[in-house]
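Contents: one structure, followed by commentary.
Number of protein chains: 2
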Amino acid sequence: MNDRPSHDVWDELRALSTGERVEISDDAGHSWSGTVVPRHDFSGDRVLQLKLESGYNVGVRIQPNYRFRRIPSSVVVAAAAPRSPPPAAHADAGSWIALLTTGGTIASRVDYETGGVRPVKDEREVLEFFPELEAGGRVRIVPVFDRLSEDLVPEDWRVLAEKVVATFGAGARGVVVAHGTDTLGFTGAALSFLLADLPGPVVLVGAQRSPDRPSSDGASNLRAAVDVAHDRRIGEVVVVMHQGPSDDRFAIHRGTWVRKMHSSRRDAFRSRNGPPLGFVEAGKVVLEQAVRPPVVGPARFDGPIDARASLLWFYPGLTPERAARFAEGCRGIVLAGTGLGHVGVDHVPWIRAATEKGVVVAMTTQCLEGNVEPYVYATGRELLRAGVLYLGDLLPETAYAKMVWALGHSSDPKVVGDLLFRDRAGEFHERHDARDSA
Amino acid sequence: MNDRPSHDVWDELRALSTGERVEISDDAGHSWSGTVVPRHDFSGDRVLQLKLESGYNVGVRIQPNYRFRRIPSSVVVAAAAPRSPPPAAHADAGSWIALLTTGGTIASRVDYETGGVRPVKDEREVLEFFPELEAGGRVRIVPVFDRLSEDLVPEDWRVLAEKVVATFGAGARGVVVAHGTDTLGFTGAALSFLLADLPGPVVLVGAQRSPDRPSSDGASNLRAAVDVAHDRRIGEVVVVMHQGPSDDRFAIHRGTWVRKMHSSRRDAFRSRNGPPLGFVEAGKVVLEQAVRPPVVGPARFDGPIDARASLLWFYPGLTPERAARFAEGCRGIVLAGTGLGHVGVDHVPWIRAATEKGVVVAMTTQCLEGNVEPYVYATGRELLRAGVLYLGDLLPETAYAKMVWALGHSSDPKVVGDLLFRDRAGEFHERHDARDSA
Numbered sequence: 001m002n003d004r005p006s007h008d009v010w011d012e013l014r015a016l017s018t019g020e021r022v023e024i025s026d027d028a029g030h031s032w033s034g035t036v037v038p039r040h041d042f043s044g045d046r047v048l049q050l051k052l053e054s055g056y057n058v059g060v061r062i063q064p065n066y067r068f069r070r071i072p073s074s075v076v077v078a079a080a081a082p083r084s085p086p087p088a089a090h091a092d093a094g095s096w097i098a099l100l101t102t103g104g105t106i107a108s109r110v111d112y113e114t115g116g117v118r119p120v121k122d123e124r125e126v127l128e129f130f131p132e133l134e135a136g137g138r139v140r141i142v143p144v145f146d147r148l149s150e151d152l153v154p155e156d157w158r159v160l161a162e163k164v165v166a167t168f169g170a171g172a173r174g175v176v177v178a179h180g181t182d183t184l185g186f187t188g189a190a191l192s193f194l195l196a197d198l199p200g201p202v203v204l205v206g207a208q209r210s211p212d213r214p215s216s217d218g219a220s221n222l223r224a225a226v227d228v229a230h231d232r233r234i235g236e237v238v239v240v241m242h243q244g245p246s247d248d249r250f251a252i253h254r255g256t257w258v259r260k261m262h263s264s265r266r267d268a269f270r271s272r273n274g275p276p277l278g279f280v281e282a283g284k285v286v287l288e289q290a291v292r293p294p295v296v297g298p299a300r301f302d303g304p305i306d307a308r309a310s311l312l313w314f315y316p317g318l319t320p321e322r323a324a325r326f327a328e329g330c331r332g333i334v335l336a337g338t339g340l341g342h343v344g345v346d347h348v349p350w351i352r353a354a355t356e357k358g359v360v361v362a363m364t365t366q367c368l369e370g371n372v373e374p375y376v377y378a379t380g381r382e383l384l385r386a387g388v389l390y391l392g393d394l395l396p397e398t399a400y401a402k403m404v405w406a407l408g409h410s411s412d413p414k415v416v417g418d419l420l421f422r423d424r425a426g427e428f429h430e431r432h433d434a435r436d437s438a
Numbered sequence: 001m002n003d004r005p006s007h008d009v010w011d012e013l014r015a016l017s018t019g020e021r022v023e024i025s026d027d028a029g030h031s032w033s034g035t036v037v038p039r040h041d042f043s044g045d046r047v048l049q050l051k052l053e054s055g056y057n058v059g060v061r062i063q064p065n066y067r068f069r070r071i072p073s074s075v076v077v078a079a080a081a082p083r084s085p086p087p088a089a090h091a092d093a094g095s096w097i098a099l100l101t102t103g104g105t106i107a108s109r110v111d112y113e114t115g116g117v118r119p120v121k122d123e124r125e126v127l128e129f130f131p132e133l134e135a136g137g138r139v140r141i142v143p144v145f146d147r148l149s150e151d152l153v154p155e156d157w158r159v160l161a162e163k164v165v166a167t168f169g170a171g172a173r174g175v176v177v178a179h180g181t182d183t184l185g186f187t188g189a190a191l192s193f194l195l196a197d198l199p200g201p202v203v204l205v206g207a208q209r210s211p212d213r214p215s216s217d218g219a220s221n222l223r224a225a226v227d228v229a230h231d232r233r234i235g236e237v238v239v240v241m242h243q244g245p246s247d248d249r250f251a252i253h254r255g256t257w258v259r260k261m262h263s264s265r266r267d268a269f270r271s272r273n274g275p276p277l278g279f280v281e282a283g284k285v286v287l288e289q290a291v292r293p294p295v296v297g298p299a300r301f302d303g304p305i306d307a308r309a310s311l312l313w314f315y316p317g318l319t320p321e322r323a324a325r326f327a328e329g330c331r332g333i334v335l336a337g338t339g340l341g342h343v344g345v346d347h348v349p350w351i352r353a354a355t356e357k358g359v360v361v362a363m364t365t366q367c368l369e370g371n372v373e374p375y376v377y378a379t380g381r382e383l384l385r386a387g388v389l390y391l392g393d394l395l396p397e398t399a400y401a402k403m404v405w406a407l408g409h410s411s412d413p414k415v416v417g418d419l420l421f422r423d424r425a426g427e428f429h430e431r432h433d434a435r436d437s438a
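Protein sequences appear in the order of chains A and B.
If you're matching positions, the first sequence starts at 1 in my numbering and goes up one per residue.
If you're matching positions, the second sequence starts at 1 in my numbering and goes up one per residue.
Below is the structure:
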């Protein structure tokens, strides 16, 4: 131990290089062991950025009386063994996965000037922050966007899907997409429809907490996502995020079933209408539901898309005029109705007028779970007669992504409707009549 | 037992009067014991409508070989003892509660011609169906509407609130509002803001299954709601519905915290951002959270309202033009943004233009749980500078109802904003910074 409190330890610590390992102690018996990672743009506030053995990054504010010692690279600190040792199957030469970056918290750093979070400037920052990602095989970084996810639009889904196809074409075994969490559920659904004949997993992953925070989930989520991307049993689009309060359990959600259900919790992502497909625990991928297996490929972009669609949530007081104005210029409208799929009965005329002009109008429930069902109440029957398509238990967001996909495939509303009803990516759970449910 | 299978038992059963008690048996050893309740408009399909001892209503299709016996009124069938015996405190003369009916499943019957459900024609049908409601004291039926809840508009919230005030003025100890479940959460929030100085509970209740179904929850929900309406500790607006899969456990939700989270489950209603206020179990009301106590009164309608408000859910692909068009003519707009409260950054200009014209724009999260927080990401800070009000952990639906209430109270957007931020009905949970949450 460096044991000279009169000397300011910060002068030595700030000179450490990225990748060096240190243990820092204070007088109260607290200590931090970890690897030095690149520092932020903090100007002189004495913070050393460390990746702890737990996988979390933490900023330690160095007081003059702190002590430190270098950890020789041959010394294994407790719990420093990689949680996911590379399985033999992954060690074959040429096996690599791609990490597509799009921006968002998972690739963000705190901007200490504004106090907010900004996207990383250099995509290489990602691997510098998360060097252990390559424990299971090589990871190639493929920058696609550098944007907050609330700024992505359906056209970006197309770009991303085509990039995934190209990446598989270049030999990737699996693809991880690092994505802002705000609209990650939308993109998960969109890619599920826009990608076909997948030879491996496409794993969307995000972070709810930025990497400067002790509770950051970026590193651990990414590691779990990479574990899933190496899995040879999966040929579909999934979302991997923290499950429950645990630090080392991650859920594997089907891309069409998942929704962000909390603004800040690490386990904000939840499968709706059923359990997740599986879990990652201590680096082991456990599948509990049937998943779509990989095919020989080649992966295929199932476009084009047509973004002349909208998603409208009903509420008491929404007038037919306002709703019709909202829907102007759309070839497809997804309604998030109440309960079993209702809107005020005074909306029937504009909806009928729209469907008679060839606009495709589909119904989902703003409850977010359970089926829509037009036969139980008078309103449902009227909407059905007005040409509304009742889309089972699809999430409103999934139905909207599917609409954008389906509209791109035909100019005939009947064909679009057939595409909407047909299961394309495992998006429908077993269909059941809402009237018979327990 | 009537033991003559050659004789068609249906001729005798159809002649029974409402209120008579019978036990019906088939050859397979099944039997049904209960009270005869009014029959539906089924034309000759041999269905006897029974209220079982469990509280559920069931339609029994009578086969010619069924047998039956009348149960003398002095015979107590197993489990027929009232689950909520009238407490002494409820027995005082003049103690009564009001049951306001508005339509919806809880006051609906199956229309066998169309196969769907129609509202009851005669409001007295409710008490005929649920005679045990008066076990704890007199119940007066007050018809207000007869409409499906998706057809209610903010003006109906006003009518309902004024009726509640008048009912307390006439001496009611508590008020139950039977309401369709589709928009029950909206109405619960609206009444929470529109009612003040309550001398007793206002209990909204609905049914997820119509009374003709064996799993109907109308009778048991209503009984639990009446139990809560008799409670002398509650002076606020609550929602009482089934809790979990149990038949005799009911949650008491605060009107501003509750949302319908499943299209068909009986326990579809869930409190967000915290547990329910309490429960009803075996007729006993257990409060687990602090509730607003009753005041001497008189109850007061805290109007007027201004319904020139809208609720807009953001999604990728929503253009600023479409959003601005939607918001036309509104004095207040509630956004259900992504994550911590975001929309695409290209929406900032129309939002700024709106707030500069005096339109009140408020932000909530479409995640439905967790706080909104403008300081974490650049988009939030830009929206804040554009004048957007970040409303903590209010549900989008609650924020919209509060907007309609607040707009009615001032033409000054600053005053409206102050009203939105101020806790009015316990609608904010303890405010915390999203960045510090666990």
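Glycine included, each C-beta is placed from N, C-alpha and C at the ideal position.
For residue 364 (chain B), no alpha helix (DSSP H) encloses it; the enclosing beta strand (DSSP E) starts and ends at 360 to 365.
Between the alpha carbons of residue 149 (chain A) and residue 45 (chain B) lies a gap of roughly 58 Å. For residue 291 (chain A), there is no enclosing beta strand (DSSP E), since its DSSP letter is neither H nor E. Residue burial annotation: residue 163 (chain A) is buried, with at least 16 other C-beta atoms found within 10 angstroms of its C-beta.
Residue 208 (chain A) is positioned such that its CB atom lies no closer than 8 Å to that of residue 197 (chain A).
In this structure residue 199 (chain B) touches residue 294 (chain B) by the C-beta definition: roughly 5 Å separates them, less than 8 Å. Between residue 387 (chain B) and residue 355 (chain B), the C-beta gap is smaller than 8 Å, which places the two residues in contact.
If you look at residue 167 (chain B), you'll find it in the alpha helix (DSSP H) that goes 154 to 169.
Rounded to the nearest whole angstrom, the C-alpha separation of residue 274 (chain B) and residue 170 (chain A) is 49 Å. Here the region 218 to 231 of chain A makes no contact with the region 149 to 161 of chain A; the two share fewer than three CB pairs at distances below 8 Å. Under the Cβ criterion (8 Å, minimum of three pairs), the region 321 to 328 of chain B counts as touching the region 317 to 327 of chain A. Taking a C-beta distance under 8 Å as the contact criterion, residue 277 (chain B) and residue 252 (chain B) qualify as a contact pair.
At least one CB atom of chain B sits nearer than 8 Å to the CB of residue 307 (chain A).
In the DSSP assignment, residue 143 (chain A) falls within the unbroken beta strand (DSSP E) covering 138 to 143. The three-state reading of DSSP puts residue 100 (chain A) in strand, counting E and B together. By the CB criterion at 8 Å, residue 193 (chain A) and residue 424 (chain A) fall inside the cutoff.
Under the criterion of beta carbons closer than 8 Å, residue 420 (chain B) and residue 389 (chain B) qualify as touching, at roughly 6 Å. Annotation: the continuous beta strand (DSSP E) that includes residue 204 (chain B) extends over 202 to 205. The shortest C-alpha to C-alpha distance from residue 25 (chain B) to any of B:62, B:184, B:16, B:368 is the one to B:62.
Note: residue 269 (chain B) is bridge-paired with B:260 in the DSSP secondary-structure output.
Contacts with chain B at 8 Å (Cβ-Cβ) do not include residue 349 (chain A). DSSP places residue 192 (chain A) within a helical segment (H, G or I) once states are collapsed to three. Residue contact check for residue 352 (chain A) against chain B: no CB pair falls below 8 Å. Beta-bridge partners of residue 301 (chain B) (DSSP): B:195. Here DSSP, grouped into helix, strand and coil, assigns residue 66 (chain A) to coil. Between the alpha carbons of residue 172 (chain B) and residue 70 (chain B) lies a gap of roughly 38 Å. Residue 265 (chain A) and residue 370 (chain B) have their alpha carbons spaced roughly 8 Å apart. Residue environment for residue 427 (chain A): buried (at least 16 other C-beta atoms within 10 angstroms of its C-beta). Nearest CB-CB separation between residue 264 (chain A) and chain B: below the 8 Å threshold. Checking the DSSP bridge columns, you'll see residue 228 (chain B) has no partner listed. Straight-line measurement puts the Cα of residue 297 (chain B) at about 49 Å from the Cα of residue 257 (chain A). For residue 51 (chain A), no CB of chain B lies under 8 Å from its own CB, so it is not counted at the interface with that chain. In this structure, the alpha-carbon of residue 231 (chain B) lies about 25 Å from that of residue 158 (chain B). Within chain B, no C-beta atom comes less than 9 Å from the C-beta of residue 235 (chain A); the nearest is roughly 25 Å away. With a 10 Å radius around the Cβ and a threshold of 16 neighbouring Cβ atoms, residue 227 (chain A) comes out buried. Between residue 334 (chain B) and residue 399 (chain B), the CB-CB gap stays under 8 Å.
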